[in-house]
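The opening position of the sequence shown corresponds to residue 390 in this note's numbering, with each subsequent residue numbered one higher.
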Amino acid sequence: MRGRREGPGGDRSAGAGARDRARRRRPAAGAGRTQGCPGRGGRALRRRPARGAGAAGRAARRALLHPRGRAGAGGLRPARTQEEEGGARFGRRDGIAAHLPGAARGGRGLRIAVTLVSLAVAAGLIGAGLALRSALEPVGPDEREQVFVVEGGATLSEVADALEGAGLVRRAWAFEGLARFEEAGADLRAGEYALSPHMRPAEILDRLTRGQVRTHPVSIPEGLTAVQVASRVEEAGFGSAPEFLALARDPAFVQELGLEGETLEGYLFPETYRWARGVPTRELIADMVGQYQAVWSTLALRAEQRGLSRRDAVILASIVEKETGAPEERPLIAGVFLNRLARGMRLETDPSVIYGIADFDGNLRRVHLEDETNPYNTYRIPALPPGPIANPGAEALRAVVDPAETKALFFVSKNDGTHHFSKTYAEHARAVDRYQRGRNRRNP
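And the structure:
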């Protein structure tokens with residue numbers, strides 16, 4: 390044919406080219422496809438891969454799937470650093486979050502918020518500290534003292550409010566807080582204080598807890614009854630007479646003070662007291678009874694030696710106190726009454742009768758002396774009255790436990806504050822006629 394090359398290699402070249410094209414169209418055996426083998430009945434066999442080819446393929450596939458773990462030269466993976474190991478185990482989620490755009494902004498915002506809150510708290514604490522410091526400073530430079538009264542039973546809050554209202558502290562809450570910090574809230578003592586705006590709250594608190602109060606003298610004379618004592622206490626500006634009497638007649642309170650009887654008549658000791666304003670009435674009464682007990686403690690042994698109980702001694706002393714205003718006569722009058730009691734004679738003392746008359750108008754009448762319903766009528770009862778008729782002083786009590794040695798059984802007033810004493814009734818009758826001549830001693 391025209392153009393066809395003839396020769397020994399011509400056909401081989403054409404066949405070889407056809408075979409090459411066919412091979413290119415078929416899959417490569419090295420990729421794992423089987424071929425028939427003429428000498429083995431067509432049984433499929435896998436061709437052994439060349440040495441190193443499998444390892445290289447696996448490495449390539451790993452490289453495609455894991456770009457960060459791509460194998461290096463020689464098919465070996467490079468060793469990971471400690472940071473990469475830690476990130477692989479624990480930091481995968483954080484690592485992903487760290488690459489998110491909002492994560493950085495959120496963390497920065499949180500830090501700013503925490504900082505602002507901290508600054509606000511610090512500013513608040515500083516402001517509170519400055520406010521407290523200012524509140525605990527003196528109100529002003531005025532050093533003139535003014536009277537401030539803490540009423541009995543007043544609470545800490547009430548006292549603090551009153552101090553602020555009087556212009557003695559800047560802030561009631563600061564004074565109250567100071568007192569609670571010092572654990573002095575329950576130690577405030579009632580009374581009248583001299584305070585000034587120039588004093589610091591700490592100084593004021595110190596005075597109130599130590600009881601540095603202004604005191605006022607109150608004189609209770611000898612021989613007053615409980616009713617009269619109550620009125621005098623009220624007139625001096627200490628409580629009310631009804632409250633005083635209610636306590637003085639309270640048997641439970643009498644027992645609480647360790648005394649006998651149903652009232653405190655006889656035990657409200659006459660003395661000049663110095664009391665602070667605002668002191669509770671119970672404390673005033675307890676102070677008076679305490680003075681009586683102090684005096685009686687020096688006389689108790691002598692009374693026991695004479696066979697006198699405390700109750701009988703104070704009853705008789707109250708009668709002695711009412712019978713005379715002359716101190717030198719008290720032992721004599723006590724001796725007369727003790728002599729009459731020893732003989733079983735009635736005391737026949739007018740002051741005792743008068744004490745038992747509820748509506749006495751100042752005139753003692755015969756009807757009063759004959760009244761058998763009056764338990765204090767010593768013209769009818771054979772012994773001491775049921776209780777004291779006044780509040781005796783120390784000299785009257787002493788006269789009873791240490792009376793004058795006398796045989797007198799009677800006495801009559803000489804109208805000059807003193808008395809005439811008689812041993813017999815006849816002598817007494819003459820004295821009555823002498824000193825009471827022209828006078829009707831008892832109205833009919």
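For each residue, glycine too, the CB sits at the ideal point set by N, CA and C.
Given residue 738, which residues of its chain have a CB within under 6 Å of its CB, disregarding the five upstream and five downstream residues? Taking the sequence shown and counting its residues from 1, the one referred to as residue 738 is at position 349. For residue 738, where only same-chain residues beyond five positions count, the Cβ hits under 6 Å are 708, 767.
On the DSSP letters alone, give me the boundaries of the beta strand (DSSP E) that residue 668 sits inside. Counted from its first residue, the sequence shown places residue 668 at position 279. It is not in any beta strand (DSSP E) - residue 668 carries neither H nor E in the DSSP assignment.
Residue 666 to residue 619 span [Cα, whole Å]: Position 277 of the sequence shown, counting from 1, holds the residue named residue 666. Position 230 of the sequence shown, counting from 1, holds the residue named residue 619. Residue 666 and residue 619: Cα-Cα distance of roughly 16 Å.
Distance between residue 641 and residue 806 (C-alpha atoms, nearest Å): Position 417 of the sequence shown, counting from 1, holds the residue named residue 806. Position 252 of the sequence shown, counting from 1, holds the residue named residue 641. Rounded to whole angstroms, residue 806 to residue 641 spans 39 Å at the Cα level.
Alpha carbon to alpha carbon, what distance is there between residue 610 and residue 790? Within the sequence shown, numbered from 1, the residue matching residue 790 stands at position 401. Within the sequence shown, numbered from 1, the residue matching residue 610 stands at position 221. Within the model, the alpha-carbon separation for residue 790 versus residue 610 is close to 21 Å.
Three-state secondary structure (DSSP) at residue 758? The count along the sequence shown starts at 1 and reaches residue 758 at position 369. The answer is helix: DSSP assigns residue 758 an H, G or I state.
Bounding residues of the alpha helix (DSSP H) (the contiguous stretch that carries residue 707): One-based indexing of the sequence shown puts residue 707 at position 318. Counting along the chain, the alpha helix (DSSP H) containing residue 707 begins and ends at 699-712.
Residue 580 - DSSP class collapsed to helix/strand/coil: Sequence index remark: in the sequence shown, residue 580 carries index 191 (1-based). Three-state DSSP puts residue 580 in a strand.
Per DSSP, which residues does residue 603 bridge with? Please list them. Counted from its first residue, the sequence shown places residue 603 at position 214. Note: residue 603 sits in a beta bridge opposite 581.
Taking the beta strand (DSSP E) that residue 809 falls in, what are its first and last residues? Taking the first residue of the sequence shown as 1, we reach residue 809 at position 420. Element bounds for residue 809: 808-811.
Simplified DSSP state of residue 535, which is helix, strand or coil: Here residue 535 refers to the residue found at position 146 when the sequence shown is read from its first residue. Residue state, collapsed to three classes: strand.
For the beta strand (DSSP E) holding residue 629, just list the boundary residues, first then last. For the purposes of this step, residue 629 is taken as residue 240 along the sequence shown, with counting starting at 1. From DSSP, residue 629 is part of no beta strand (DSSP E); its letter is neither H nor E.
Starting from residue 620, follow the alpha helix (DSSP H) in both directions and report where the run begins and ends. Residue 620 sits at position 231 when you count from the first residue of the sequence shown. Counting along the chain, the alpha helix (DSSP H) containing residue 620 begins and ends at 615-624.
Where does the unbroken beta strand (DSSP E) through residue 558 begin, and where does it stop? Here residue 558 refers to the residue found at position 169 of the sequence shown. Element bounds for residue 558: n/a, residue is neither H nor E.
If we count Cβ pairs, one from each stretch, closer than 8 Å, do we get three or more for the segment 532-543 versus the segment 578-595? yes
Proximity winner among 702, 690, 748, 782, relative to residue 714 (alpha-carbon distances): In the sequence shown, counting from the first residue as 1, residue 714 sits at position 325. Ranking 702, 690, 748, 782 by Cα distance to residue 714 puts 782 first.
N-terminal and C-terminal residue of the beta strand (DSSP E) that residue 642 is part of: Looking up residue 642 in the sequence shown gives position 253. Unbroken run through residue 642 is the alpha helix (DSSP H), 640-645; no beta strand (DSSP E).
Whole-angstrom distance between residue 527 and residue 657, CA atom to CA atom: Position 268 of the sequence shown, counted from the first residue, corresponds to residue 657. Position 138 of the sequence shown, counted from the first residue, corresponds to residue 527. Approximately 44 Å, taken between the alpha carbons.
For residue 650, tell me which candidate among 659, 660, 639 has the shortest Cα-Cα distance. Here residue 650 is taken as the residue at index 261 of the sequence shown, counted from 1. Checked all of 659, 660, 639; the closest Cα to residue 650 is 639.
Starting from residue 801, follow the beta strand (DSSP E) in both directions and report where the run begins and ends. Along the sequence shown, one-based indexing puts residue 801 at 412. 799-802 is the span of the beta strand (DSSP E), which, as asked, contains residue 801.
Measuring CB to CB, does residue 763 end up less than 7 Å from residue 745? By one-based count along the sequence shown, residue 763 stands at place 374. By one-based count along the sequence shown, residue 745 stands at place 356. In this structure, residue 745 lies closer than 7 Å to residue 763 by Cβ.
Using a Cβ-Cβ cutoff of less than 6 Å, which residues in the same chain neighbour residue 700 once the five nearest sequence positions on both sides are dropped? Walking along the sequence shown from the start, residue 700 turns up at place 311. Only 649 meet the Cβ criterion.
Euclidean distance between Cα positions of residue 765 and residue 535: Mapped onto the sequence shown, residue 765 falls at position 376. Mapped onto the sequence shown, residue 535 falls at position 146. If you take the alpha carbons of residue 765 and residue 535, they lie about 50 Å apart.
Could you check if residue 483 is buried or exposed, using at least 16 other CB atoms within 10 Å of its CB as the buried criterion? As a position in the sequence shown, residue 483 is number 94, starting the count at 1. Unreliable positioning characterises residue 483 in this predicted model, as indicated by a pLDDT of 49, which lies under 50. The coordinate reading is nonetheless provided below. So residue 483 counts as exposed.
Residues that DSSP places opposite residue 856 in a beta bridge: Residue 856 falls outside the range modelled here, since the chain spans only 390 to 833, and no answer is possible.
Which residues in the same chain have their Cβ closer than 7 Å to the Cβ of residue 716, if we skip the five residues on either side of it in sequence? Counted from its first residue, the sequence shown places residue 716 at position 327. Answer for residue 716: 784, listed in chain order.
7 Å Cβ shell around residue 676 - same chain, five flanking residues per side excluded: For the purposes of this step, residue 676 is taken as residue 287 along the sequence shown, with counting starting at 1. Correct list, in chain order: 662.
Three-way DSSP call (helix, strand, coil) for residue 674 in this model: As a position in the sequence shown, residue 674 is number 285, starting the count at 1. Looking at residue 674 - three-state DSSP - the assignment turns out to be helix.
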